[in-house]
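Heads up, the thing below is written out as structure tokens.
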Amino acid sequence: MAKEVGCPTETVLELIAGRWKVMVIYWLLQGPRRFNQLQRDLAGITPRTLGRQLKEMERDGLLQRIDHDETPPRVEYRLTPRGRSLETVLMAMHDWAEAHDGTSPSQADAAE
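To convert, note that position 31 of the sequence shown is 45 in the working numbering; the numbers rise steadily by one, no gaps.
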């Protein structure tokens, strides 16, 4: 059975869903990063969670894992053109949050 095609916005939200993916994209927009560097950038993420997020993002075509043929082994992650194209989406989300003072819906309702 073919998967039902939904709203394109839903597709984007599925790609960046979760606590960490947006921040992984943010850091990779700055340039290629190694696993430990990303873990330091993402304070509080466990190695297992980071590994899982990176694998999902690679599977979805958002980033590329680069294995350098060196000793000791060196692996870097970088955004693909598809992943880099999310920069405008993330900037729009950032601008929206700033325009709304970063308040949650419950905080906004209480202010009215």
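Don't be surprised by glycine CBs; every beta carbon is placed ideally from N, CA and C. Source: prediction; values computed, not measured.
Which of helix, strand or coil does DSSP assign to residue 44? If you number the sequence shown from 1, residue 44 lands on position 30. Coil, per DSSP.
Are three or more beta carbon pairs between the region 77-91 and the region 106-117 nearer than 8 Å? no
Tell me which residues share the same chain as residue 46 and place their Cβ nearer than 8 Å to its Cβ, disregarding the 5 neighbours each side in the sequence. Here residue 46 refers to the residue found at position 32 when the sequence shown is read from its first residue. The answer, listed in chain order, is 80, 90, 91, 92.
Where does residue 15 land, buried or exposed, given buried means 16+ other C-beta within 10 angstroms? Taking the first residue of the sequence shown as position 1, residue 15 is located at position 1. For residue 15, the predicted model reports a pLDDT of 44, less than 50, meaning its position is unreliable; a value from the coordinates is still stated below. Exposed, since its Cβ has fewer than 16 Cβ neighbours within 10 Å.
Is DSSP giving residue 16 helix, strand or coil here? Here residue 16 corresponds to residue number 2 of the sequence shown, with the count starting at 1. Only weak support exists for where residue 16 lies, its pLDDT of 48 falling under 50; the value from the coordinates is given anyway. Reduced to three states, the DSSP call for residue 16 is coil.
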